[in-house]
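Here the sequence shown is numbered in our numbering, starting from -14 and rising by one per residue. Structure, as structure tokens:
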Amino acid sequence: MAVEFFPYRFDKRFAAMWLPFGARPGRDGVHVGDDRLRATFGFLRLDTALDNVAGGHVTEGYRWWTAVGPRQSFADDGLTFGTNHDRGVCIHFHERVRATLSVRAHSALTVTVDDCDGLLDAIGRDEPPPPDGEA
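Structure below.
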């Protein structure tokens, strides 16, 4: 399998939130290859074995102030490489992964790529939770 590149969908209104980190349209995004997943956000990187990817799901409707730019979640150990506040993919890992300059390792990474469905096809989708009352 050749490396597939899923560029971010940059919303230029929020350039002040991603330009200082060196993130650039056409260069940064998620690279999925035979055995690696690598996400770049300017000088920030997250790299892991593809076997470590548990799957992902679409997330949407973010508040811009919590979604744009590189973000570590206060609610959990997730990391975001955000370039817009509309839609992205939350990628889950079996084992936590450390990103460049991260103080802690992360169990998930949210990325605001242009082709969310294509990225999910490349990495696999999360198993849906069982309906209420079933487990």
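Using N, Cα and C, we set each Cβ at its ideal position, and we do this for glycine too.
The beta-carbon separation of Gly41 and Val82, rounded to 14 Å, does not stay under the 8 Å limit for a contact. Non-local beta-carbon contacts of Gly109 in its own chain, meaning distances under 6 Å to residues more than five positions away in sequence, involve Gly40 in chain order. Inter-residue distance for Ala8 and Thr25 is about 8 Å (C-alpha atoms, whole angstroms). Less than 8 Å divides the Cβ of Thr33 from the Cβ of Phe78.
When DSSP assignments are scanned along the stretch 54 to 109, the uninterrupted stretches of alpha helix (DSSP H) that are 4 or more residues long and fall wholly within it turn out to be 101 to 108. In terms of CA proximity to Glu45, Thr68 leads the group Thr68, His91 and Arg23.
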